[in-house]
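Visitor:
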Amino acid sequence: SMSHVTQRLCNQIAGKLNSRPRKRLGFFTPQEYIHAHL
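If you want our numbering, it's the position in the sequence shown, counting the first as 1, plus 13.
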């Protein structure tokens, strides 16, 4: 059950995942990739 998972914890996890460079994106972070292509 995920009833013990807080919104704050979810936000922290999402932040860590979204700041990780991805091989698929040419080793840019998702945020960097989106910013470069808008």
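Even glycine gets a Cβ: it sits at the ideal position worked out from N, Cα and C.
1) Taking the straight line between their C-alpha atoms, what separation do you get for residue 38 and residue 48?
2) Please identify the residue among 43, 26, 28 whose C-alpha is closest to the C-alpha of residue 34.
3) Consult DSSP for residue 33 and reduce its assignment to one of helix, strand or coil.
4) Alpha helix (DSSP H) containing residue 48: first to last residue?
Guide: So, from the data block:
1) C-alpha of residue 38 to C-alpha of residue 48: approximately 12 Å in a straight line.
2) Looking at the Cα atoms, 43 is the closest of the given residues.
3) DSSP, reduced to helix, strand and coil, places residue 33 outside both helices and strands of the structure shown, so it counts as coil.
4) Residues 43 to 49.
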